[in-house]
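*Asks:*
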Amino acid sequence: MKKTILALFVSLLILSCGEIPPFVDFSEPILLARDTTYITNDIPSTALKNVLLEDISGVNCNNCPKAAKIAHDIQNNNDPGRVVVMTLHPKTYPQYTAPHPDSKDTFNTQEATDIMSSLLGEPRGFPAGAVDRKLFDGFQTKLLSEYNAWPTYVNQQLALPSKADLDLTVLREGERTVIANVKTTFLEADATPVYISVFIVESHIISRQTMPAKPTDNYDYEHNSILREGVTLWSGLLLAKSVEKGRVFEKGFKFELPNRHVMENCSIVVLINKNDKQSTEVLQCIEKPIK
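This is the structure in structure tokens:
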């Protein structure tokens with residue numbers, strides 16, 4: 048009799064578990080105990096599509112300040128948070144990106160190099176930009192060298208329905224320990240793998256920049272939205288191999304902000320992105336200041 052009751056209890060327990068969630072990688076040491084995934088019927092009906100604009104730049108590139116101005120004008124001309132700018136200084140192409148000999152800082156990162164080479168492609172020249180890492184109709188590359196056309200493609204992406212909703216809460220623990228809690232709600236089903244990427248960007252950095260007109264160098268140039276660090280790999284961390292509509296992921300990231308970065312000028316950028324041969328497109332993005 049006891050065995051029968053025990054067997055019945057186990058059967059009820061298995062049935063009560065309901066659905067089996069998709070694979071989630073909880074192996075990363077930076078993840079917090081609150082990481083979870085579940086299905087919700089409370090799907091946001093007014094979620095807006097935010098757009099990522101990646102500006103490939105260099106301190107020795109005389110036209111890069113023009114592109115940077117256009118990128119940040121696009122950002123400022125839209126509602127706050129709708130356009131996220133991330134400025135990439137790759138280690139390659141030293142004629143454009145090698146730091147000036149007297150610079151106190153170098154913006155070159157391996158993350159920027161890998162994003163450009165592996166996700167965006169090699170530029171025909173500097174500056175160059177990518178909008179949501181998307182290959183637009185009529186182009187053979189994701190990189191848009193005509194920066195005056197960037198507003199057109201950003202607006203095109205802003206008008207699309209959102210495939211995912213992102214919420215980001217940034218907390219601090221002690222002096223320089225940062226906790227980023229990310230909630231992702233998928234508004235559509237997706238049969239292909241989806242990734243989450245987390246980066247640190249920094250603004251208001253005063254450093255020498257080659258300019259379009261004489262004097263050729265500005266020693267007090269303000270650099271903004273510079274990609275500084277990757278909290279995840281540059282390619283992202285796998286969320287799931289597929290998702291259904293209403294699938295929610297809550298993930299926490301905990302890291303130390305390096306002393307070389309000014310906390311008041313830093314923010315966290317989170318992307319929900321693709322990362323395969325068919326697509327590297329960014330489905331949704333969000334940016335929040337650390338302090």
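If you're matching positions, the sequence shown starts at 48 in our numbering and goes up one per residue. Think of the CB as a built atom: it goes at the ideal place given N, C-alpha and C, for glycine as much as any other residue.
Alpha carbons only, please: which of L99, I86, T87, I337 is nearest the one belonging to E220?
*Replies:* Measuring from the Cα of E220, the nearest candidate turns out to be I337.
*Asks:* Which whole runs of the alpha helix (DSSP H) in the segment 67-150 are 4 residues long or more, in chain order?
*Replies:* For the segment 67-150, whole alpha helix (DSSP H) runs of length 4 or above, ordered along the chain, are 111-123, 141-144.
*Asks:* Going by the CB atoms, is the gap between S289 and T239 shorter than 8 Å?
*Replies:* Closer than 8 Å, so yes.
*Asks:* With A236 and Q331 assumed to form a contact (beta carbons below 8 Å), what rounded beta-carbon distance in angstroms separates them?
*Replies:* Not really, about 15 Å apart at Cβ, beyond 8 Å.
*Asks:* In angstroms, rounded to a whole number, what distance separates the CA positions of S272 and A287?
*Replies:* Computed Cα separation, rounded: 29 Å.
*Asks:* Does the distance from the CB of F173 to the CB of I103 come in under 8 Å?
*Replies:* In contact: F173 and I103 (Cβ atoms closer than 8 Å).
*Asks:* Can you tell me which of the three DSSP states Q256 falls into?
*Replies:* Three-state DSSP puts Q256 in a strand.
*Asks:* For G283, which three-state DSSP category applies?
*Replies:* G283: coil per DSSP, three-state reduction.
*Asks:* Grab me the residues of R255's own chain with a C-beta within less than 8 Å of its C-beta, minus the 5 sequence neighbours each way, in chain order.
*Replies:* V106, H147, D149, S150, D264, N265, Y266, Y268, listed in sequence order.
*Asks:* Got a sec? Which residues, its chain only, sit under 8 Å from Q325 by beta carbon, not counting five neighbours each side?
*Replies:* Once the five neighbours on either side are set aside, the close Cβ partners of Q325 are T239.
*Asks:* Going by other Cβ atoms of all chains shown within 10 Å of its Cβ, with 16 needed for buried, is E334 buried or exposed?
*Replies:* Its Cβ being crowded by 16 or more others within 10 Å, E334 is buried.
*Asks:* Could you please give me the residues that DSSP links to Q331 through a beta bridge?
*Replies:* Paired residue(s): I319.
*Asks:* Out of I117, T144, Y140, which has the shortest C-alpha to C-alpha gap to V131?
*Replies:* Of the candidates I117, T144, Y140, the one whose C-alpha sits nearest the C-alpha of V131 is I117.
*Asks:* Quick one: what's got a C-beta closer than 8 Å to Y140's C-beta in the same chain, skipping five residues either side?
*Replies:* Correct list, in chain order: G105, P170, F173.
*Asks:* Under the assumption that S209 contacts L100 (Cβ atoms under 8 Å), give the Cβ distance between them as a whole number of angstroms.
*Replies:* Not confirmed; about 17 Å, so no contact.
*Asks:* Taking L274 and M133 to be in contact with their CB atoms under 8 Å, please state how far apart those CB atoms are, rounded to whole angstroms.
*Replies:* Indeed, because the Cβ distance is near 5 Å, the residues count as touching under 8 Å.
*Asks:* What does the alpha-carbon distance come out to for the pair R294 and N322?
*Replies:* Looking at the two C-alpha atoms, the distance is approximately 19 Å.
*Asks:* Runs of 3 residues minimum, wholly inside the segment 169-235: which ones carry the beta strand (DSSP E) assignment?
*Replies:* Complete beta strand (DSSP E) runs here, min 3: 175-178, 211-220, 224-233.
*Asks:* Hey, out of T93, L182, N155, S92, whose CA is closest to G277's CA?
*Replies:* Closest by alpha carbon: N155.
*Asks:* Buried or exposed for D184, please, with buried defined as at least 16 other CB atoms from any protein chain shown within 10 angstroms of its CB.
*Replies:* Under this definition D184 is an exposed residue.
*Asks:* Less than 8 Å between the C-beta atoms of N109 and T257, yes or no?
*Replies:* Result yes, Cβ atoms of N109 and T257 sit closer than 8 Å.
*Asks:* My output table needs one value for I337: the three-state DSSP class, helix, strand or coil.
*Replies:* Coil at I337, not helix or strand.
*Asks:* Are the beta-carbon atoms belonging to V229 and L213 less than 8 Å from one another?
*Replies:* Going by C-beta atoms, V229 is nearer than 8 Å to L213.
*Asks:* Please identify the residue among N306, S192, I319 whose C-alpha is closest to the C-alpha of L285.
*Replies:* Of N306, S192, I319, the residue nearest in Cα terms is I319.
*Asks:* Return the bridge partner residues of Y242 from the DSSP annotation.
*Replies:* Bridge partners of Y242: L285, N320.
*Asks:* In angstroms, rounded to a whole number, what distance separates the CA positions of Y143 and F302?
*Replies:* Straight-line Cα distance between these residues: approximately 31 Å.
*Asks:* What does a CB cutoff of less than 7 Å around K298 pick up in its chain, not counting 5 residues either side in sequence?
*Replies:* So the list reads L78, D82, V229, I243, once near-sequence residues are dropped.
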